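Protein chains in written order, with the working numbering: chain A, 1 to 242; chain S, 243 to 650.
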């Protein structure tokens, strides 16, 4: 495994199910589903790595493992120098807070909060004082062209604006890795291009891992890891695949 | 600590935003459920307080009643020939010198015939005799003492030869029955003409005590004793003592042999009531409100957490620890309960007023009473509902895995 990578995994397998059904665990055996099988991956700071594959290929599972949202059934995941496999739930949460920014396809902004408050959410958990939270959130939103939308709630923002708020939220803790799951999936082409530009800009001093179906989006990455049926089938540039 | 406060503030902001946003209807339902439960407990407790107060002679401010053993406050009010207390003026004077005592007064209750002016026609009125405090104007038997001269001038240190004030405060029922208004004379049957009373005031509303619509006349104690032949031994039926110091009770206990010190405690004056019905009503309403409110809150907040599982999973993905999510969910639940508590207290007070309006429209005296303590009771009930309910939404919030909810 590349020890210098911002995030890496080695021989990672993730299985779901198994065991027996029923409240007492005495029901029929449940089938085991292998979402990811023996996958290795690494992304260095300054690198934008795409993860491609059809639905059910294991893209989101890999992203969740890399973001310490989940732990593998087998193999190792190292995030910002820390192996996640042996960490407690609390320790993984702390690692996520410090080392990972997550961008979702459907934004997952908190509908009751303003754009500014949404961006500042991770800083609440960090215990950052309110004036500082506000300042950092406003600064990031201004950098992303949303300086005049800080007080708006998500329901009053366009899809592109919402995704930019989500990107600002992912960056507010200055993480080593940004994980983006289909970040342009809900956006029109032009807006998607803008979001991809922003993600590429953020990769200057961190790793960006981007899962997508969209070949145009993948063409903007430095490297693409392709998955099929939970297995890695290639790792190279889009041109290499072509 | 600051981190925890920031989380609480975050949860409150999220709740407030939710109440104004797409979650408004669902959150309002949770608030409404608690409000209904708290309104129930407020209204029923108001009625219980009214009933408890109604079984005593004094409506407000009195903390202790010294009554003959075996007597009870209800029977004292309607059957006046039971055991009585003696030397009551002297004892009251001593009690008033105690700095812990706000005021004290003996009370004599005497049903007496009154001449109406028509030959051979008499009507009966419940006379209440009291010593009017110098520096307070409490209501005795629900009637104001303010229109009477302070103290008890006719007593004259036991000589019963002081000036006869003849002041009398009539309840509306007494004024109606006797056909009198301020300035008119009232003479107990058999009393000499110089021992008659003059109506100084008619109370504006019926006494909120057990005497209810009974015709009642409040006079000075010594004048009632003189007019009814109770001056020998300076007797009275009970002693009312107002104080904020619970240690007074111990001193009262030793005042008379074979007497009981009855206490108004907290809201309901439970011990002052000779029946456990008001207490039972208040307790039953409290238990029902907490159980029903907690079940309703747990269910609605459980549904809300289930609907919000994606938002909670997002917080988890952003690095919130499980403990932080617990703080967020618990704060939201408690905040909504407290909001429901405030709304419920307001609704409960309206309920008390409505209950009294219905009673009045039926020709009955007001049955429910409003006390400031109903506010903390209602809000406290709401807080308890929240505390009992909160484990369920918290448990639900910890069930699904973040990865599972966000689509691993």
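Heads up, the beta-carbon is just placed ideally off N, CA and C, and yes, glycines get one too. The structure presented is a predicted model; accordingly, all values stated were derived computationally and were not measured.
1) Helix or strand or just coil, what does DSSP make of residue 643 of chain S?
2) Could you check whether the Cβ of residue 264 of chain A sits closer than 9 Å to any Cβ belonging to chain S?
3) Return the residue from the list A/163, A/131, A/134 and A/129 that minimises the CA-CA distance to residue 145 of chain A.
4) Mind checking residue 48 of chain A: buried by the 16 CB within 10 Å criterion, or exposed?
5) Between residue 7 of chain A and the ligand HEM, is the CB less than 8 Å from at least one heavy atom?
6) Can you tell me the Cα-Cα spacing of residue 187 of chain A and residue 36 of chain A, whole angstroms?
7) Please list, in chain order, the residues of the region 538 to 571 of chain S that have any C-beta partner in chain A closer than 9 Å.
8) Which residue from A/138, A/173, A/57 and A/70 puts its Cα closest to that of residue 86 of chain A?
9) How should residue 434 of chain S be labelled, buried or exposed, when 16 other C-beta atoms within 10 angstroms of its C-beta is the threshold for buried?
10) Using 9 Å as the threshold, is the C-beta distance between residue 56 of chain A and residue 39 of chain A below it?
11) Comparing C-alpha positions only, which one of A/209, A/228, A/180 and A/231 sits nearest to residue 103 of chain A?
12) Residues in the region 250 to 266 of chain S with C-beta within 9 Å of chain A's C-beta atoms, listed in sequence order?
13) Is the region 525 to 543 of chain S in contact with the region 594 to 609 of chain S, if contact means three or more CB pairs nearer than 8 Å?
14) Which residues of the region 32 to 49 of chain A have a Cβ closer than 8 Å to any Cβ of chain C? Give them in chain order.
15) List the endpoints of the continuous alpha helix (DSSP H) containing residue 542 of chain S.
16) Per the DSSP calculation, residue 365 of chain S is bridged to which residue(s)?
17) Return no unless some Cβ of chain S is closer than 9 Å to the Cβ of residue 161 of chain A.
18) Does any residue of chain A have a CB that is nearer than 9 Å to the CB of residue 650 of chain S?
19) Looking at chain A, is there any beta carbon in it that lies within less than 9 Å of the beta carbon of residue 644 of chain S?
20) What is the residue span of the beta strand (DSSP E) that residue 481 of chain S lies within?
21) For residue 574 of chain S, go through chain A and note every residue whose CB falls closer than 8 Å to its CB, in chain order.
22) Run through DSSP, which three-state label would residue 181 of chain A get?
23) Under a three-way DSSP split, which group does residue 397 of chain S fall into?
24) Could you name the residues of the same chain whose beta carbon sits closer than 6 Å to that of residue 512 of chain S, not counting the 5 residues immediately before and after it, in chain order?
25) Looking at residue 563 of chain S and residue 89 of chain A, is the spacing between their C-beta atoms short of 9 Å?
26) Using a Cβ-Cβ cutoff of less than 6 Å, which residues in the same chain neighbour residue 293 of chain S once the five nearest sequence positions on both sides are dropped?
27) Is the Cβ of residue 173 of chain A closer than 9 Å to any Cβ of chain S?
28) Could you check the C-alpha separation between residue 170 of chain A and residue 141 of chain A for me, to the nearest Å?
29) Is DSSP giving residue 566 of chain S helix, strand or coil here?
30) Mapping DSSP to helix, strand and coil, what is residue 107 of chain A?
31) Among S/557, S/480, S/430 and S/416, which has the Cα closest to the Cα of residue 571 of chain S?
32) Below 6 Å CB to CB, which residues in the same chain sit around residue 440 of chain S once its five sequence neighbours on both sides are set aside?
33) Counting only Cβ pairs nearer than 9 Å, list the residues of chain S close to residue 117 of chain A.
34) Can you check whether the C-beta of residue 22 of chain A is within less than 9 Å of a C-beta belonging to chain S?
35) In three-state DSSP terms, what is residue 618 of chain S?
36) Name the chain S residues that come within less than 8 Å of residue 244 of chain A, Cβ to Cβ?
By the coordinates alone:
1) Here residue 643 of chain S refers to the residue found at position 401 when the second chain is read from its first residue. Here residue 643 of chain S carries a coil assignment [DSSP, helix/strand/coil].
2) Absent from the model: residue 264 of chain A. The displayed extent of chain A is 1 to 242, so no value can be given.
3) What you label residue 145 of chain A is simply residue 145 of the first chain in a count that begins at 1. The candidate whose alpha carbon is nearest that of residue 145 of chain A is A/163.
4) Along the first chain, read from residue 1 onward, the residue named residue 48 of chain A stands at position 48. Burial call: buried.
5) The ligand HEM is not among the ligands present in this structure, which contains no ligands whatsoever.
6) For the purposes of this step, residue 187 of chain A is taken as the residue at position 187 of the first chain. For the purposes of this step, residue 36 of chain A is taken as the residue at position 36 of the first chain. Their backbone Cα atoms lie some 28 Å apart in a straight line.
7) Listed by position along the chain: 552, 553, 555, 556, 557, 558, 559, 560, 561, 562, 563, 564, 565 and 566.
8) Within the first chain, numbered from 1, the residue matching residue 86 of chain A stands at position 86. For the set A/138, A/173, A/57 and A/70, the Cα lying nearest the Cα of residue 86 of chain A is the one of A/70.
9) Start at 1 with the first residue of the second chain, and residue 434 of chain S comes out as number 192. Residue 434 of chain S should be labelled exposed.
10) For the purposes of this step, residue 56 of chain A is taken as the residue at position 56 of the first chain. For the purposes of this step, residue 39 of chain A is taken as the residue at position 39 of the first chain. No, Cβ-Cβ distance for residue 56 of chain A and residue 39 of chain A is not below 9 Å.
11) Residue mapping note: residue 103 of chain A aligns to position 103 of the first chain, counting from 1. Closest option to residue 103 of chain A, Cα to Cα, is A/180.
12) Within the region 250 to 266 of chain S, the residues whose Cβ lies closer than 9 Å to some Cβ of chain A are 251, 252, 255, 256, 257, 258, 259, 260, 261, 262, 263, 264 and 265, listed in chain order.
13) When C-beta atoms of the region 525 to 543 of chain S are compared with those of the region 594 to 609 of chain S, fewer than three pairs fall below 8 Å, so the two segments do not count as touching.
14) Looking for chain C here will not work: the only protein chains present are A and S.
15) Position 300 of the second chain holds residue 542 of chain S. DSSP places residue 542 of chain S inside the alpha helix (DSSP H), whose first and last residues are 519 to 549.
16) Here residue 365 of chain S refers to the residue found at position 123 when the second chain is read from its first residue. As computed with DSSP, residue 365 of chain S is found in a beta bridge with S/356.
17) In the first chain, the residue the question calls residue 161 of chain A occupies position 161. Proximity of residue 161 of chain A to chain S, defined by a Cβ-Cβ separation below 9 Å, is not satisfied.
18) Against the second chain, residue 650 of chain S aligns to sequence position 408. Bear in mind that a pLDDT of 49 at residue 650 of chain S, under 50, signals an unreliable position, so the number given afterwards is only what the model happens to contain. Interface flag for residue 650 of chain S against chain A is set, since a Cβ pair is found closer than 9 Å.
19) Counting from 1 along the second chain, the entry for residue 644 of chain S is found at position 402. Output row for residue 644 of chain S: interface = yes.
20) Counting from one through the second chain, the residue named residue 481 of chain S turns up at place 239. Per DSSP, residue 481 of chain S belongs to the beta strand (DSSP E) from 480 to 485.
21) Numbered from 1 along the second chain, position 332 holds the residue referred to as residue 574 of chain S. Among the residues of chain A, none has a CB under 8 Å from the CB of residue 574 of chain S; the nearest is roughly 10 Å distant.
22) Against the first chain, residue 181 of chain A aligns to sequence position 181. Of the three classes helix, strand and coil, the one that applies to residue 181 of chain A here is strand, per DSSP.
23) As a first step, residue 397 of chain S is located in the second chain; it is residue number 155 there, counting from the start. DSSP, read as helix, strand or coil, puts residue 397 of chain S in coil.
24) Reading the second chain from its first residue, position 270 is the one you call residue 512 of chain S. Note that residue 512 of chain S has pLDDT 36, beneath the 50 cutoff, so the model's placement of it is unreliable and the number below is only indicative. Apart from sequence neighbours up to five positions away, the residues of its chain that approach residue 512 of chain S with a beta-carbon distance below 6 Å are 521, ordered along the chain.
25) Your numbering for residue 89 of chain A matches position 89 in the first chain. Your numbering for residue 563 of chain S matches position 321 in the second chain. Their beta carbons are under 9 Å apart, which means residue 89 of chain A touches residue 563 of chain S by this criterion.
26) Here residue 293 of chain S refers to the residue found at position 51 when the second chain is read from its first residue. Around residue 293 of chain S, the same chain offers 520 as residues with beta carbons nearer than 6 Å, after the five sequence neighbours per side are excluded.
27) The residue labelled residue 173 of chain A in the question sits at position 173 within the first chain. Cβ-Cβ to chain S under 9 Å: yes for residue 173 of chain A.
28) Counting from one through the first chain, the residue named residue 170 of chain A turns up at place 170. Counting from one through the first chain, the residue named residue 141 of chain A turns up at place 141. Distance between the alpha carbons of residue 170 of chain A and residue 141 of chain A is about 12 Å.
29) Mapped onto the second chain, residue 566 of chain S falls at position 324. Of the three classes helix, strand and coil, the one that applies to residue 566 of chain S here is helix, per DSSP.
30) On the first chain, residue 107 of chain A is found 107 positions in, with the first residue counted as 1. If DSSP states are grouped into helix, strand and coil, residue 107 of chain A belongs with coil.
31) Start at 1 with the first residue of the second chain, and residue 571 of chain S comes out as number 329. The shortest C-alpha separation from residue 571 of chain S is found at S/557.
32) Along the second chain, one-based indexing puts residue 440 of chain S at 198. Counting only Cβ-Cβ distances below 6 Å, and skipping sequence neighbours, we find 408 and 427.
33) Here residue 117 of chain A corresponds to residue number 117 of the first chain, with the count starting at 1. The answer, in chain order, is 252, 255, 256 and 259.
34) Counting from 1 along the first chain, the entry for residue 22 of chain A is found at position 22. At a cut-off of 9 Å between beta-carbon atoms, residue 22 of chain A makes no contact with chain S.
35) Translated into positions along the second chain, residue 618 of chain S becomes position 376. Reduced to three states, the DSSP call for residue 618 of chain S is helix.
36) Nothing about residue 244 of chain A can be read from this structure; chain A reaches only from 1 to 242.
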